[in-house]
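Asker: 51 is the number of the first residue of the sequence shown in the working numbering; add one for each residue after it. C-beta atoms are modelled at their ideal positions from N, C-alpha and C, and glycine is treated no differently.
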Amino acid sequence: MEQPAQSAADQHDVIEVRGARENNLTGVSVDIPKRRLTVFTGVSGSGKSSLVFGTVAAESRRLINETYSAFLQSFMPNLSRPDVDSLRNLTPAIVVDQERMGANSRSTVGTATDAYALLRILFSRLGEPHVGGAGAFSFNLAEGMCPTCEGLGRVSDLDVSAMVDVERSLNDGAILVPNFAVDSWYWQTIVGSGLFDPDVKLQDFTPQQWADFLHKPATKIKIGANSWTYEGLAVKVRRLYLAKDRDSMQAHIRAFVDRAVAFATCAACGGARLNPAALSSTIAGRNIAECAAMQVSDLAEFVGGIDAPSVAPLVADLRDTLDSMVEIGLGYLSLDRESGTLSGGEAQRVKMVRHLGSSLSDVTYVFDEPTVGLHPHDIARMNGLLLRLRDKGNTVLVVEHKPETIAIADHVVDLGPGAGSAGGRICYTGDVAGLRRSDTLTGRHLDHRATLRTTFRRPTGHLAIRGADLHNLRDVDVDLPLGVLTVVTGVAGSGKSSLIHGSLPRRDGVVVVDQSPIRGSRRSNPATWTGLLDPIRTAFARANGVKAALFSANSEGACPTCKGIGLVYTDLATMAAVASVCEACEGRRYTPEVLAYTLRGRNISEVLGMSVTEAREFFPSGPARVVLDRLSEVGLGYLTLGQPLTTLSGGERQRLKLAVHMAEKAATYVLDEPTTGLHLADVDQLLALLDRLVDAGNTVIVIEHHQAVMAHADWIVDLGPGAGHDGGRIVFTGTPADLVARGDTRTARHLREYVAPR
Numbered sequence: 051m052e053q054p055a056q057s058a059a060d061q062h063d064v065i066e067v068r069g070a071r072e073n074n075l076t077g078v079s080v081d082i083p084k085r086r087l088t089v090f091t092g093v094s095g096s097g098k099s100s101l102v103f104g105t106v107a108a109e110s111r112r113l114i115n116e117t118y119s120a121f122l123q124s125f126m127p128n129l130s131r132p133d134v135d136s137l138r139n140l141t142p143a144i145v146v147d148q149e150r151m152g153a154n155s156r157s158t159v160g161t162a163t164d165a166y167a168l169l170r171i172l173f174s175r176l177g178e179p180h181v182g183g184a185g186a187f188s189f190n191l192a193e194g195m196c197p198t199c200e201g202l203g204r205v206s207d208l209d210v211s212a213m214v215d216v217e218r219s220l221n222d223g224a225i226l227v228p229n230f231a232v233d234s235w236y237w238q239t240i241v242g243s244g245l246f247d248p249d250v251k252l253q254d255f256t257p258q259q260w261a262d263f264l265h266k267p268a269t270k271i272k273i274g275a276n277s278w279t280y281e282g283l284a285v286k287v288r289r290l291y292l293a294k295d296r297d298s299m300q301a302h303i304r305a306f307v308d309r310a311v312a313f314a315t316c317a318a319c320g321g322a323r324l325n326p327a328a329l330s331s332t333i334a335g336r337n338i339a340e341c342a343a344m345q346v347s348d349l350a351e352f353v354g355g356i357d358a359p360s361v362a363p364l365v366a367d368l369r370d371t372l373d374s375m376v377e378i379g380l381g382y383l384s385l386d387r388e389s390g391t392l393s394g395g396e397a398q399r400v401k402m403v404r405h406l407g408s409s410l411s412d413v414t415y416v417f418d419e420p421t422v423g424l425h426p427h428d429i430a431r432m433n434g435l436l437l438r439l440r441d442k443g444n445t446v447l448v449v450e451h452k453p454e455t456i457a458i459a460d461h462v463v464d465l466g467p468g469a470g471s472a473g474g475r476i477c478y479t480g481d482v483a484g485l486r487r488s489d490t491l492t493g494r495h496l497d498h499r500a501t502l503r504t505t506f507r508r509p510t511g512h513l514a515i516r517g518a519d520l521h522n523l524r525d526v527d528v529d530l531p532l533g534v535l536t537v538v539t540g541v542a543g544s545g546k547s548s549l550i551h552g553s554l555p556r557r558d559g560v561v562v563v564d565q566s567p568i569r570g571s572r573r574s575n576p577a578t579w580t581g582l583l584d585p586i587r588t589a590f591a592r593a594n595g596v597k598a599a600l601f602s603a604n605s606e607g608a609c610p611t612c613k614g615i616g617l618v619y620t621d622l623a624t625m626a627a628v629a630s631v632c633e634a635c636e637g638r639r640y641t642p643e644v645l646a647y648t649l650r651g652r653n654i655s656e657v658l659g660m661s662v663t664e665a666r667e668f669f670p671s672g673p674a675r676v677v678l679d680r681l682s683e684v685g686l687g688y689l690t691l692g693q694p695l696t697t698l699s700g701g702e703r704q705r706l707k708l709a710v711h712m713a714e715k716a717a718t719y720v721l722d723e724p725t726t727g728l729h730l731a732d733v734d735q736l737l738a739l740l741d742r743l744v745d746a747g748n749t750v751i752v753i754e755h756h757q758a759v760m761a762h763a764d765w766i767v768d769l770g771p772g773a774g775h776d777g778g779r780i781v782f783t784g785t786p787a788d789l790v791a792r793g794d795t796r797t798a799r800h801l802r803e804y805v806a807p808r
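#1: So, at 7 Å on beta carbons, what are the nonlocal neighbours of residue 457 in its own chain, with the 5 sequence-adjacent residues on each side left out?
#2: Taking residue 388 and residue 548 to be in contact with their CB atoms under 8 Å, please state how far apart those CB atoms are, rounded to whole angstroms.
#3: On the DSSP letters alone, give me the boundaries of the alpha helix (DSSP H) that residue 341 sits inside.
#4: So residue 58 is in the alpha helix (DSSP H); what residue range does that whole segment cover?
#5: Compare the Cα-Cα distances from residue 399 to each of 459, 418, 411 and report the closest residue.
#6: Determine the burial state of residue 796: buried for a count of at least 16 other Cβ atoms within 10 Å of its Cβ, exposed for fewer.
#7: Between which two residues does the beta strand (DSSP E) containing residue 505 stretch?
#8: What is the rounded straight-line gap between the Cα of residue 500 and the Cα of residue 337?
#9: Output the distance between the C-alpha atoms of residue 471 and residue 789, rounded to the nearest integer angstrom.
#10: Would you tell me roughly how many angstroms separate the C-alpha atoms of residue 550 and residue 436, rounded to the nearest one?
#11: Using 8 Å for Cβ pairs, my map puts residue 515 next to residue 530. What's the rounded Cβ distance?
#12: Using the Cα positions of residue 719 and residue 791, report the straight-line distance between them to the nearest angstrom.
#13: Could you name each continuous beta strand (DSSP E) segment of 3 residues or more that falls completely within the region 523-585, going from the start of the chain to the end?
#14: Here's the rule I'm using: 16 or more other beta-carbon atoms within 10 Å means buried, otherwise exposed. How should residue 581 be labelled?
#15: Residue 323: which of 761, 155, 64, 171 sits nearest, CA to CA?
#16: Going by beta carbon distance, what residues of the same chain come within less than 6 Å of residue 494, once the five residues before and after it are set aside?
#17: Assuming contact is defined by CB atoms lying nearer than 8 Å, are residue 313 and residue 206 in contact in what I supplied?
#18: So, with DSSP's three-state summary, where would you put residue 453?
#19: Report the three-state DSSP secondary structure of residue 800 (helix, strand or coil).
#20: In angstroms with no decimal places, state the Cα-to-Cα distance between residue 65 and residue 765.
#21: Taking a contact to mean a Cβ-Cβ separation below 8 Å, would you say residue 700 touches residue 394 in this structure?
#22: Looking at residue 691 and residue 576, is the spacing between their C-beta atoms short of 8 Å?
#23: State the Cα-Cα distance for the pair residue 492 and residue 108, rounded to the nearest angstrom.
#24: Check this for me: beta carbons of residue 439 and residue 449, under 8 Å apart or not?
#25: Pick out whichever of 777, 102, 595, 564 has its Cα sitting closest to the Cα of residue 78.
#26: Report whether the distance from the Cβ of residue 60 to the nearest heavy atom of the ligand GDP is below 7 Å.
#27: Any idea which residues DSSP pairs residue 415 with across the strands?
#28: The alpha helix (DSSP H) spanning residue 68 covers which residue range?
#29: Starting from the N-terminal side, write out each stretch of the beta strand (DSSP E) that is 3 residues or longer and does not extend beyond the region 101-185.
#30: Around the C-beta of residue 824, are 16 or more other C-beta atoms found within 10 angstroms, so that it is buried, or is it exposed?
#31: Is it buried or exposed, residue 672, if we count other Cβ atoms within 10 angstroms and call 16 or more buried?
#32: With a floor of 4 residues, list each alpha helix (DSSP H) that falls wholly inside the region 281-334, ordered by position along the chain.
#33: Measuring only the C-alpha atoms, how far is residue 441 from residue 344?
#34: Alpha carbon to alpha carbon, how far is residue 637 from residue 578?
#35: Do the region 170-184 and the region 347-360 meet, that is, are 3 or more Cβ pairs less than 8 Å apart?
#36: Got a sec? Which residues, its chain only, sit under 8 Å from residue 218 by beta carbon, not counting five neighbours each side?
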């Protein structure tokens, strides 16, 4: 029997990309199969994100936005068309990225997943006694929040020991607050009040003097012919510093505020955030705050036991959401956990929860390293979820480096061969077997394994952690060896970050290098943030006999039309603002006068357009070369000096911070998953860098899941055995060789398999 001809509608089986030139892409053309799982591989900076996020996903979202009315578009972010000749057969794209969720203390895992909203409705229907609608159980609404802490669950207070040294007198500099130094104006208003003897130690003040010194409200004081307002130190600090937005503060004042403000659990609600009426209502003996504090896996069980026909659909929805969280490896979280405390990987998985139960198909899901923050034990579970999304008829695009996830791909697109200007080309497309046979960098390293360290450095001492009990930690005692490379590992939610970040950051000589966003505007770039721009400007100034300020795009030399940004933002009233390249400077950011000055034949804009690798050749010596060498050492040779910081990934941000901190004489470096965003071929370079840091006399403590880093460690601390209340204990300490030989933890089993001869 003759087969019917394929309908025209069924012929759109691939997303066609033609001539993509976004960032470093060199006119890339590629077909991406629909309803398949495609993994994009390549070294950092090879162009993966530019192709997947900057081209395919960006154009999909832009086209969807264009379907809305001009009025609605005015509230949407501006999305300019990617630099590509053509894109055909796109489907709506949902981007699930690693951007940390807002650090707003009112945002919790429960509010971010809508699970808490469902729980509120449940309590408004079944809670006894009945206290009103769902809003009565919201800590973000006046009708439900605790009036004392306004729904935050904690109250802030000033730590007096961070403000004053009671063993000193005012004349000896007892006040430690910024801008209150001896002889400063603020100091004079206190000493000139006549209320205290400036030569008496603060600890010898009378109770009345101490109260006046700290808490006296604003009072007019007259001494001789002069009169001024006196207010207690704590009152003044609250007014000057605590009432201001933290992000707008100068760095030294922000550091003081972080030291001086102590948060205490609200005594009125006991940290539950809600008012007494909301806390009085219970279901099966539990109030809503107790439910929100439960581990999600336990809460799912509790909700499953609610058998009331009137709320059956509601219970089913809530149970589905909670079960999805358990399935995705987040069962150890609680709904009251603040969103801002989640890692990048956890934030990405929380966002995934929304999509797992969706009935949509023929959607393009775009993931950015979904294995970040996952132990090898958890990666198999994540792989299953990606395949489930695909099997519902969706196109799944994944930017990934882990071989375990590359292995499940239906299709692989490998970009490279290098980074920056040496990348941006398609090196391979096809199946995984073909990738293994190909002579690409990814193909050659797919089965590459780091070997177990055979000789171990001797500790020079120990860093003691005693009684650690943050989050799920169970009164943990551990000694971290000094002068060696220590890897802290364990499944997601086992307590690694709680142990290290909860115990080490405030200690002297400890530098924490993590993936959190770098504070800075769209004007900030690697050159400005690392201080590299200073020697570059000085070199230009000397060569041309002019002042250095001319060569700052934030100062005198800035193009007056775009104010040195290189882009002009046009407000189109009801339409979204449009960013276009500044016609006056053609995106070069400087005035024609400044661009006329050159250094060895290059102007300042051309130098800022160089990659770190190119700039190292241009600056063969001097202070600029020192900074460039550090950037190269941490694997950022492909970054351009003028690239906006807002475009960097979490892994790139961490490596940029590490490059800056390497200039300090630190004793202990704490790194949080430094392999994030690193190609298999770059992991060896990272291991060599960690070795150099240790061999220079530093202690390096790494929170990491990558088996290559574990195998290379001098010492391993393994937490577990599981996540949440099944974790929080030390299950192994010793060398990697010991772990492989006699360990029976999940980490031991995966490391044993990793180093086994192939």
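Answerer: Taking the definition as stated:
#1: Within the sequence shown, residue 457 is the residue found at index 407, counting from 1. Taken in chain order, the residues that qualify are 482.
#2: The sequence position of residue 388 within the sequence shown is 338, counting from 1. The sequence position of residue 548 within the sequence shown is 498, counting from 1. Not confirmed; about 14 Å, so no contact.
#3: Position 291 of the sequence shown, counting from 1, holds the residue named residue 341. Start and end: 338-343.
#4: Here residue 58 refers to the residue found at position 8 of the sequence shown. That residue, residue 58, is in no alpha helix (DSSP H); it is neither H nor E in DSSP.
#5: Counted from its first residue, the sequence shown places residue 399 at position 349. If we check each option's Cα against that of residue 399, 418 comes out closest.
#6: Your numbering for residue 796 matches position 746 in the sequence shown. Burial call: buried.
#7: Walking along the sequence shown from the start, residue 505 turns up at place 455. Element bounds for residue 505: n/a, residue is neither H nor E.
#8: Position 450 of the sequence shown holds residue 500. Position 287 of the sequence shown holds residue 337. If you take the alpha carbons of residue 500 and residue 337, they lie about 51 Å apart.
#9: Position 421 of the sequence shown, counted from the first residue, corresponds to residue 471. Position 739 of the sequence shown, counted from the first residue, corresponds to residue 789. One C-alpha to the other measures close to 42 Å.
#10: Taking the first residue of the sequence shown as 1, we reach residue 550 at position 500. Taking the first residue of the sequence shown as 1, we reach residue 436 at position 386. Cα to Cα, the separation comes out at about 31 Å.
#11: Locating residue 515 in the sequence shown gives position 465, counting from the first residue. Locating residue 530 in the sequence shown gives position 480, counting from the first residue. Their Cβ separation, rounded to whole angstroms, is 7 Å, which keeps residue 515 and residue 530 in contact under 8 Å.
#12: Start at 1 with the first residue of the sequence shown, and residue 719 comes out as number 669. Start at 1 with the first residue of the sequence shown, and residue 791 comes out as number 741. So the alpha carbons of these two residues sit roughly 29 Å apart.
#13: For the region 523-585, whole beta strand (DSSP E) runs of length 3 or above, ordered along the chain, are 526-532, 535-539, 560-563.
#14: The residue you call residue 581 lines up with position 531 of the sequence shown. Classification of residue 581: exposed, given that the 10 Å Cβ count is below 16.
#15: Translated into positions along the sequence shown, residue 323 becomes position 273. Of 761, 155, 64, 171, the residue nearest in Cα terms is 155.
#16: The sequence position of residue 494 within the sequence shown is 444, counting from 1. Once the five neighbours on either side are set aside, residue 494 has no close Cβ partner at all.
#17: Counting from 1 along the sequence shown, the entry for residue 313 is found at position 263. Counting from 1 along the sequence shown, the entry for residue 206 is found at position 156. Going by C-beta atoms, residue 313 is nearer than 8 Å to residue 206.
#18: Locating residue 453 in the sequence shown gives position 403, counting from the first residue. Of the three classes helix, strand and coil, the one that applies to residue 453 here is helix, per DSSP.
#19: The residue you call residue 800 lines up with position 750 of the sequence shown. Reduced to three states, the DSSP call for residue 800 is helix.
#20: Working through the sequence shown from its first residue, we reach residue 65 at position 15. Working through the sequence shown from its first residue, we reach residue 765 at position 715. One C-alpha to the other measures close to 48 Å.
#21: For the purposes of this step, residue 700 is taken as residue 650 along the sequence shown, with counting starting at 1. For the purposes of this step, residue 394 is taken as residue 344 along the sequence shown, with counting starting at 1. A contact, by the Cβ cut-off of 8 Å.
#22: Within the sequence shown, numbered from 1, the residue matching residue 576 stands at position 526. Within the sequence shown, numbered from 1, the residue matching residue 691 stands at position 641. Yes, they are a contact pair.
#23: Along the sequence shown, read from residue 1 onward, the residue named residue 492 stands at position 442. Along the sequence shown, read from residue 1 onward, the residue named residue 108 stands at position 58. Roughly 26 Å between the two C-alpha positions.
#24: On the sequence shown, residue 439 is found 389 positions in, with the first residue counted as 1. On the sequence shown, residue 449 is found 399 positions in, with the first residue counted as 1. Not in contact: residue 439 and residue 449 (Cβ atoms no closer than 8 Å).
#25: As a working note, residue 78 is residue 28 in the sequence shown. Residue 102 is the option with its Cα nearest to residue 78.
#26: This structure simply doesn't include the ligand GDP, nor any ligand for that matter.
#27: Translated into positions along the sequence shown, residue 415 becomes position 365. DSSP output for residue 415 lists 144, 446 as bridge partner(s).
#28: Residue 68 sits at position 18 when you count from the first residue of the sequence shown. In the DSSP assignment, residue 68 falls outside any alpha helix (DSSP H) and lies within the beta strand (DSSP E) extending over 64-70.
#29: Listed in chain order, they are 134-138, 143-146.
#30: The chain is shown from 51 up to 808; residue 824 falls before or after that span and cannot be answered.
#31: Reading the sequence shown from its first residue, position 622 is the one you call residue 672. Per the 10 Å Cβ criterion, exposed.
#32: 283-287, 301-310, 326-330
#33: Taking the sequence shown and counting its residues from 1, one reaches residue 441 at position 391. Taking the sequence shown and counting its residues from 1, one reaches residue 344 at position 294. Going from the Cα of residue 441 to the Cα of residue 344 covers about 33 Å.
#34: Indexing the sequence shown from 1 puts residue 637 at position 587. Indexing the sequence shown from 1 puts residue 578 at position 528. Approximately 18 Å between the Cα atoms of the pair.
#35: By the Cβ test, the region 170-184 is in contact with the region 347-360, since at least three Cβ pairs between them sit closer than 8 Å.
#36: If you number the sequence shown from 1, residue 218 lands on position 168. Taken in chain order, the residues that qualify are 224, 251, 252.
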